[in-house]
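At position 20 of the sequence shown (counting the first as 1) the number is 27 in the working numbering, and the numbers step up by one without a gap. Every residue, glycine too, gets a C-beta built ideally from N, C-alpha and C. All of these numbers come straight from a predicted model, not from anything done at the bench.
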Amino acid sequence: MARYLVIVESPAKVKTIKKFLGSNYVVMASQGHVRDLPKSQLGIDVEHDFEPKYITIRGKGDILAQLRKEVKKADKIYLATDPDREGEAISWHLTMALKLEGKKVYRISFNEITKNAVKESIKNAREIDMNLVDAQQARRALDRIVGYRISPLLWKKVKRGLSAGRVQSVALRIIADREAEIDAFIPEEYWTLDAILKVQGEKKPLRAKFYGTKQEKLVIHSAEEEEKIRKALEDAQFQVAEIRKGERTQKSPLPFTTSTLQQEASKVLNFATQKTMRIAQQLYEGIDIKGQGTIGIITYLRTDSTRISEEAEASARDYIAGTYGPEYVADAEKKKDGGKKIQDAHEAIRPTDISRTPAMVKESLSRDQFRLYQLIWKRFVASQMQAARFETTSVKIDAGEYRFTVAASKIAFDGFRSVYVQPDEEKAENNVLLKGLDEHSVLTKEEFDSKQHFTQPPAHYTEASLVKALEELGIGRPSTYAPTISTIIARRYVAKENKNLYLTELGEVVNHMMLQSFPSIVDVNFTANMEGLLDKVAEGKVQWKSVISNFYPDLEDAVEVAEKELEEVKIEDEVTDVICEECGRNMVIKYGPHGKFLACPGFPECRNTKPYLEKAGVSCPKCGKDVVIRKTKKGRRYYGCEDNPECDFMSWQKPSDQKCPKCGSYMVEKGNRLVCSDSTCGYVEKKEKN
């Protein structure tokens, strides 16, 4: 009997795919990359046409030995790595490492790990696409050259352990530019003026917003201007000048791409980009569903396409018609991708089977898996539904020479909103139509409501908004967003607090150095153009080594100049008020592989170190000392007393200094609520905003 070997990347896929294929198929995992450039040297021969020097990754020898044994027994070998450039490159590396030349080797790829998709891919097996491999080789070589030529310079001029990367340096610059914008921002005063009006025959008063004069819109800049307008309106008669009724539509959203999934998961589920990708990978590779076995429940998660296969579209239309009614099914016209470059003709991220509802699989998923699957499922269903329609009413009210306006809307047909409403829209909708109003209505002014405001600076970047910016600027690929952000946080160039990303002193120094010595590396347009060149390599229009040979000489010149001209910068360690018990000095915060720790500045004479415990800013409810943030052995964060083990206080949620007015126990923070820590009490109140 013929024997076929299928090689996938992840061990999690082995179990899923094995059950779709017959007993004459052996499925094994390469566990990601098997060959890479050496860590100890550049690994690119700059003097001989930039030829890369690949070596077997440490620890992969045993895996390759097992694969070689199976290769000898196999009549055909199918390389089933991920359906993107990196997956294509891994397949090529496997052919090299396993010496598969002359054997029957086929490349198969599938966008979803389902029985039909896997079997169909074997029917449509093809050769390795070397254009995609070369695009990945070019990216790897560029990143290696930038990292290995600039990082040693940062070690020499600033401190060891720093790194520069082609995409991470641009991401750092984007954050630094936003910080500079915020620092330079000067708030401007403005006022809003609302008129509270009584409509004859109506119980509820009407709130109308100041617009300006009958001819133009005005902004009230000061209290004096507001006072002047209010005085002019004191005896004015409020009269309805115009009532306009209309209809507006809200289009259904496009299904998720990698970028939009990361953004929405951050907003709705409070997931970091890396967490979103980790959980999506689990949903893609296979979940053990009760009664169905192990199956991939979403399509491939690294994509910038919103395209949907005809089969998926047809099944979605049938499901929506059967569940919600035929009037909810979207028109047959295809949604466009706006002409942007789509990575390797992928589909959008969607459920592999629309009839597999979140409720059906809830018991088989962890809480986070369920929440992410539900988000993906709802978004896909909504994307195939009709637009929502609203009845709108806008009213112009004149008072003397000034004009006020009122706008209201009501859902006429909920369409896709019956399934999916974006979080920032939930409360934005005014569902009250203006009843009892016509152009002869008598309006009586009850009072004015005026408020002083100041314009706000641009918001700090969050992981979600940075991903959006990177995508809009054409920097990086779907697979690079999460690792790029994780790297700049891990290098401590950026600190993450309450979702916001802040530039650290170290990040400021590195960004300044990069701007000064390597302006093209951190130039947004240059990096976006480089992505365009890599796309052309993938299309077979540009040779990958010509991209490197054009880039390298300028970088080399810049490195030489920087080595001579850049001044050394010393980043001082942060001094704490913790006294070293061995020598009496104030201990400083150092960074190790596992994060912050306290060390004596007298090293090497004094080698005293101790754990760094970050204070939570509240007092221990048991003994009154400071509460600090600790971690379990598995890395889960909790709050405990600094006097542990003498004081055994601990809480998974952040405690508050506020006591429960009902039972006297301490309160804990849960989102925007304060909840009594005694579960039998049940007291809850809204948290005051700082």
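Cα atoms of Pro45 and Ile24: separation of roughly 32 Å, rounded to the nearest angstrom. Judged by beta-carbon spacing, Ser312 lies within the 8 Å limit of Glu354, meaning their Cβ atoms are closer than that value. Rounded to whole angstroms, the gap between the alpha carbons of Ala239 and Pro464 is 33 Å. For the pair of segments examined, the region 524-534 was found not to touch the region 214-226: the number of CB pairs separated by less than 8 Å stays below three.
Separation of the CB atoms of Thr412 and Lys252 is rounded to 15 Å, and the pair is thereby denied contact status at 8 Å. Inclusion of Leu308 and Met284 in the CB contact set at 8 Å is warranted, their separation being smaller than that value. For the pair of segments examined, the region 171-180 was found to touch the region 140-158: the number of CB pairs separated by less than 8 Å reaches three.
Lys693 has Arg680 as its beta-bridge partners, per DSSP. Between Arg42 and Ala104, the CB-CB gap stays under 8 Å. Straight-line spacing of the CA atoms in Gly609 and Ile596 works out to 13 Å. Taking Lys205 as reference, the option from Arg65, Phe245 and Gly591 with the minimal CA-CA separation is Phe245.
Apart from the 5 residues on each side of it in sequence, Pro365 sits with its Cβ closer than 7 Å to the Cβ of Phe377, Tyr380, Gln381 and Trp384 in its chain, given in chain order. For Arg644, the enclosing beta strand (DSSP E) starts and ends at Arg644 to Cys648.
When only Cα atoms are considered, Lys221 and Glu233 end up about 17 Å apart. Per DSSP, the unbroken alpha helix (DSSP H) holding Asn536 starts and ends at Val531 to Ala545. Residue pairing by DSSP places Ser416 opposite Thr399 in a beta bridge. Secondary structure of Arg378 (DSSP, three-state): helix. Secondary-structure assignment with DSSP links Ala606 through a beta bridge to Val595 and Thr616. Linking Leu450 to Val247 through their CA atoms gives a straight-line distance of about 8 Å. Using a Cβ-Cβ distance cut-off of 8 Å, the region 451-461 and the region 482-493 are not in contact, since fewer than three pairs of beta carbons, one from each stretch, lie closer than that value. The beta carbon of Val625 lies closer than 6 Å to those of Val634, Pro662 and Asp664 in the same chain, with the five residues before and after it left out. Thr220 has Tyr409 as its beta-bridge partners, per DSSP. The continuous beta strand (DSSP E) containing Gln246 extends over residues Phe245 to Gln257. Lys238: member of the alpha helix (DSSP H) spanning Ala230 to Ala239, first to last residue.
Collapsing the DSSP output to three states places Asp69 in a helix.
Under the three-state reduction of DSSP, Trp198 is assigned to strand. Apart from sequence neighbours up to five positions away, the residues of its chain that approach Gln459 with a beta-carbon distance below 6 Å are Trp198, ordered along the chain. Residue burial is scored here from C-beta neighbours: Gly647 has at least 16 other C-beta atoms within 10 angstroms and is therefore classed as buried. In the structure shown, Ala96 adopts helical secondary structure according to DSSP, grouped into three states. Taking 8 Å as the upper bound for CB-CB distance, Ile294 and Arg357 are not in contact here, some 16 Å apart.
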